[in-house]
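Number of protein chains: 2
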Amino acid sequence: MSFLDEVKFNDQGLVPAIIQDATNGQVLMLGYMNRETLEETVTGDHPVFWSRSRQQRWVKGETSGNTQRTVEVRYDCDVDTLLIAVEQRGAACHENYRSCFYRRINRDGTTETVEKRLGNSPTR
Amino acid sequence: MSFLDEVKFNDQGLVPAIIQDATNGQVLMLGYMNRETLEETVTGDHPVFWSRSRQQRWVKGETSGNTQRTVEVRYDCDVDTLLIAVEQRGAACHENYRSCFYRRINRDGTTETVEKRLGNSPTR
Numbered sequence: 001m002s003f004l005d006e007v008k009f010n011d012q013g014l015v016p017a018i019i020q021d022a023t024n025g026q027v028l029m030l031g032y033m034n035r036e037t038l039e040e041t042v043t044g045d046h047p048v049f050w051s052r053s054r055q056q057r058w059v060k061g062e063t064s065g066n067t068q069r070t071v072e073v074r075y076d077c078d079v080d081t082l083l084i085a086v087e088q089r090g091a092a093c094h095e096n097y098r099s100c101f102y103r104r105i106n107r108d109g110t111t112e113t114v115e116k117r118l119g120n121s122p123t124r
Numbered sequence: 125m126s127f128l129d130e131v132k133f134n135d136q137g138l139v140p141a142i143i144q145d146a147t148n149g150q151v152l153m154l155g156y157m158n159r160e161t162l163e164e165t166v167t168g169d170h171p172v173f174w175s176r177s178r179q180q181r182w183v184k185g186e187t188s189g190n191t192q193r194t195v196e197v198r199y200d201c202d203v204d205t206l207l208i209a210v211e212q213r214g215a216a217c218h219e220n221y222r223s224c225f226y227r228r229i230n231r232d233g234t235t236e237t238v239e240k241r242l243g244n245s246p247t248r
């Protein structure tokens, strides 16, 4: 796929992918993809990520059931960031929040949780 | 600010910041911040970025007038990504699109522009 030759992967061979809720525009998470998982993402029906900490391929919801279905894949002017609209089942965050961005930092440096957990216990 | 000690900057000392339109949820761009520009961002009234290519501090709209005003700063579960809601004036993209994510990649590898330019010429 010639598109993959245009993508500017970083020093680790990765590109960040912003995952957005297709239904309401909420930003759910940021993941990373290498060339192989990006190709899988573009040609498949759900995003496939590369875990920097575990150095392995992963798919959201494989163990938790909180799966994602790809609606649209976009890329930016510099071809170094992806934006993927998905249908998200349940929580995108392993802490069981709908979005990983559940905390706010205020101007004075204080932080606070501004979203509600979907359930009691964290999930994978 | 103790929050800054929690942030996991990458090997280059940077953290990605997703910039989102506060009015409609559109994802506008992804920028990077180092510790200094992140502190400026949190305590100030607009995002401040670090340019990886030019290795210097930059503020959107300094030359184009397409400025951003910070509405809310959030951070993710792993404390390695920021999500910043802004009021965006004009185009966020230097190619003069409202959002940098103006192109789509289809499953068959073809790409297409799916947004309209705000004006004729690219801006900085």
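Just so you know, the protein sequences line up as chains R and L, in that order.
Take the first sequence: its letter number 19 is residue 19 in our numbering, and every next letter is one higher.
Quick note: to get our numbering, add 124 to the position in the second sequence (first position is 1).
Every residue, glycine too, gets a C-beta built ideally from N, C-alpha and C.
Everything numeric in this text was worked out from a predicted model, so none of it was measured.
Residues bridged to residue i (per DSSP)
{"i": "L/S175", "result": "L/Q180"}
{"i": "L/D129", "result": "Paired residues: none, contrary to the question."}
{"i": "R/A85", "result": "R/Q20, R/E72"}
{"i": "L/R159", "result": "None, per the DSSP bridge assignment."}
{"i": "L/Y226", "result": "DSSP output for L/Y226 lists no bridge partner at all."}
{"i": "R/G112", "result": "Checking the sequence shown, residue 112 of chain R turns out to be Glu, not Gly. R/E112 is bridged to R/R104."}
{"i": "R/L30", "result": "R/I18"}
Expected contact under 8 Å - CB spacing of residue i and residue j to nearest Å
{"i": "R/F131", "j": "L/Y199", "result": "Outside the shown range of chain R (1 to 124) lies residue 131 of chain R, about which nothing can therefore be said."}
{"i": "L/R181", "j": "L/V172", "result": "6 Å"}
{"i": "R/C77", "j": "L/H218", "result": "7 Å"}
{"i": "L/G214", "j": "L/N190", "result": "4 Å"}
{"i": "L/V131", "j": "L/V238", "result": "Going by Cβ atoms, the distance from L/V131 to L/V238 rounds to 34 Å, so no, they are not a contact pair."}
{"i": "R/L82", "j": "R/W50", "result": "Actually they are not in contact, since the Cβ atoms of R/L82 and R/W50 sit about 12 Å apart, beyond 8 Å."}
{"i": "L/V197", "j": "L/T165", "result": "7 Å"}
CB contact below 8 Å: residue i versus chain C
{"i": "R/S2", "result": "The chain labelled as chain C is not found among the protein chains of the depicted structure, namely R and L."}
Original post:
Three or more C-beta pairs closer than 8 Å, one from the region 17-32 of chain R and one from the region 92-110 of chain R: is that the case here?
Top reply: Verdict: yes, contact present.
**OP:** Taking only beta carbons into account, state which residues of the region 143-156 of chain L come closer than 8 Å to chain R, listed in chain order.
**Re:** Flagged, chain order: Q144, N148, G149, Q150, V151, M153, L154.
Original post:
Using 8 Å as the Cβ pair cut-off and three pairs as the minimum, do the region 140-148 of chain L and the region 208-221 of chain L touch?
Top reply: The region 140-148 of chain L vs the region 208-221 of chain L: in contact.
**OP:** Could you run through the region 55-76 of chain R and flag, in chain order, every residue whose CB is less than 7 Å away from some CB of chain L?
**Re:** Cβ contacts with chain L: E72, V73, R74, Y75, D76.
**OP:** For the region 83-98 of chain R, enumerate the residues whose C-beta is nearer than 9 Å to any C-beta of chain L, in chain order.
**Re:** Among the residues of the region 83-98 of chain R, those with a Cβ less than 9 Å away from any Cβ of chain L are L83, C93, H94, E95, Y97, in the order of the chain.
Original post:
Going along the chain, which residues of the region 225-243 of chain L sit with their C-beta nearer than 7 Å to a C-beta in chain R?
Top reply: Those residues of the region 225-243 of chain L placed with their C-beta closer than 7 Å to a C-beta in chain R are F225, R227, R228, I229, R231, G233, T235, ordered along the chain.
Original post:
Along the region 155-175 of chain L, what residues have a CB closer than 7 Å to any CB found in chain R?
Top reply: If you check each beta-carbon in the region 155-175 of chain L against every beta-carbon of chain R, the ones closer than 7 Å belong to V166, T167.
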